[in-house]
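Participant: Dropping the structure in here first, questions after.
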Amino acid sequence: FLLAWSQNPIALRAAARLRVRATAAVRDNMGSNAFDQMVDGLLALEEKVQCQFQHEAHHLGWLEDDGDSDELAAGTMLDLPVYLAERLKSNGHVDVLTPRYYSAQIRNSLRADAEVVNLREKNEFYFVHGLKVAALTDDDQLTETLSRAFSERYKRMLDTCLTGADVDPSGLTHRLSSTETNLFMIGLAGQRDYQRWKARQAGEITACDVIKQQPKRARLARIANGNRAA
Numbered sequence: 097f098l099l100a101w102s103q104n105p106i107a108l109r110a111a112a113r114l115r116v117r118a119t120a121a122v123r124d125n126m127g128s129n130a131f132d133q134m135v136d137g138l139l140a141l142e143e144k145v146q147c148q149f150q151h152e153a154h155h156l157g158w159l160e161d162d163g164d165s166d167e168l169a170a171g172t173m174l175d176l177p178v179y180l181a182e183r184l185k186s187n188g189h190v191d192v193l194t195p196r197y198y199s200a201q202i203r204n205s206l207r208a209d210a211e212v213v214n215l216r217e218k219n220e221f222y223f224v225h226g227l228k229v230a231a232l233t234d235d236d237q238l239t240e241t242l243s244r245a246f247s248e249r250y251k252r253m254l255d256t257c258l259t260g261a262d263v264d265p266s267g268l269t270h271r272l273s274s275t276e277t278n279l280f281m282i283g284l285a286g287q288r289d290y291q292r293w294k295a296r297q298a299g300e301i302t303a304c305d306v307i308k309q310q311p312k313r314a315r316l317a318r319i320a321n322g323n324r325a326a
């Protein structure tokens, strides 16, 4: 059922409409940063990976381009969304192949100089998707490569945020993944706010998103506890 639903254009359009309707309500109850991270995680699950069926699949022949048979033969290759590949893989129905943008050549480039690699052109959710791929393919080396690359690129982003608050960020963001872009823009906005504060151009100090999300009773209790300790 999940496989058929994932390939049905009507179902996909209906799901898209539901996501649009839910967006405003969810954003109202979450900070924008947390919301962006949640959306990235959901969209990364919809990225497709190539799967090879390990045995015959009945009544799914229509998924192939020709659609001549009612069944999928063992060994058939299909591109499936990650959330579906996870379920099929866990039940032993498919093997997942590593996408070409996580090839040995790309990994060597990331190890050599991760900062200059344009990850956005390879996959918008490169790191989040990559960790899913690593888990599906039992590839610990990919996990290590991604972790090291993210750490190196994060240092560059942090340095740019601290020293280049007045520059156009597009020179850097065009090669960042979605997760990196969100982090970079948060850091850049924070640095710009700090610069305005130093120049006495800041307005009234307001609570951060994390504090705003807490119930009023919890905030008052924390303040009361702080006053007792003092």
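Start counting the sequence shown at 97; every next residue gets the next number (the numbering used here). All C-beta atoms in this analysis are idealised placements derived from N, C-alpha and C, irrespective of residue type, glycine included.
Reducing DSSP to helix, strand and coil, say where Leu272 ends up.
Facilitator: DSSP places Leu272 in coil when its eight states are reduced to three.
Participant: Might you give, ordered along the chain, the residues of its own chain that have their beta carbon closer than 6 Å to the beta carbon of Ser165, omitting 5 neighbours on each side?
Facilitator: Cβ neighbours of Ser165 beyond the five flanking positions: Gly157.
Participant: Check whether the Cβ atoms of Phe149 and Val192 sit closer than 8 Å, and answer yes or no.
Facilitator: Contact flag unset, no.
Participant: Taking the alpha helix (DSSP H) that Lys218 belongs to, which residues open and close that run?
Facilitator: First-last for Lys218: undefined, no H or E at that position.
Participant: Around the Cβ of Leu351, are there at least 16 other Cβ atoms within 10 angstroms (buried) or fewer (exposed)?
Facilitator: No statement about residue 351 is possible, as the shown extent of the chain runs from 97 to 326 and does not include it.
Participant: Less than 8 Å between the beta carbons of Cys147 and Leu174, yes or no?
Facilitator: Result yes, Cβ atoms of Cys147 and Leu174 sit closer than 8 Å.
Participant: By the three-class DSSP mapping on this structure, what secondary structure does Glu152 have?
Facilitator: Coil at Glu152, not helix or strand.
Participant: Find the nearest neighbour of Val212 within the set Trp293, Leu272, Ala295, Glu182, judged by alpha-carbon distance.
Facilitator: Here the closest residue by C-alpha is Leu272.
Participant: Roughly how many whole angstroms lie between the Cα atoms of Tyr197 and Asp262?
Facilitator: One C-alpha to the other measures close to 33 Å.
Participant: Whose C-beta lies closer than 8 Å to the C-beta of His151 among residues of the same chain, with five residues either side of it excluded?
Facilitator: Hits under 8 Å: Ala170, His189.
Participant: Can you list, in chain order, the residues of its chain with a C-beta nearer than 6 Å to that of Thr277? Leave out the 5 residues immediately preceding and following it.
Facilitator: Thr269, listed in sequence order.
Participant: For the alpha helix (DSSP H) that Leu254 lies in, which residues bound it at each end?
Facilitator: Residues 236 to 259.
Participant: Apart from the five residues just before and just after Gly226, which ones in its own chain have a Cβ nearer than 7 Å to its Cβ?
Facilitator: Excluding residues within five positions, the ones whose Cβ falls inside 7 Å are Tyr198, Leu238, Leu242.
Participant: Which class does Leu193 belong to by DSSP, given the choice of helix, strand or coil?
Facilitator: Note: Leu193 maps to coil in three-state DSSP.
Participant: Anyone know if the C-beta pair for Ala140 and Phe246 falls short of 8 Å?
Facilitator: Result no, Cβ atoms of Ala140 and Phe246 do not sit closer than 8 Å.
Participant: I'd like the list of long-range same chain contacts for Tyr179, defined as Cβ closer than 6 Å, with 5 residues on each side in sequence excluded.
Facilitator: Same-chain partners within the cutoff: Leu141.
Participant: Taking all protein chains shown into account, do 16 or more other C-beta atoms lie within 10 angstroms of the C-beta of Glu217, making it buried, or fewer, making it exposed?
Facilitator: That one is exposed.
Participant: Whose CA, out of Lys251, Arg203, Gly137, lies closest to the CA of Thr194?
Facilitator: Checked all of Lys251, Arg203, Gly137; the closest Cα to Thr194 is Arg203.
Participant: Quick check on DSSP: helix, strand or coil for Asp166?
Facilitator: Coil, per DSSP.
Participant: Is the Cβ-Cβ distance between Lys185 and Leu232 less than 8 Å?
Facilitator: Going by C-beta atoms, Lys185 is nearer than 8 Å to Leu232.
Participant: I need the DSSP call for Val229, collapsed to helix, strand or coil.
Facilitator: Helix, per DSSP.
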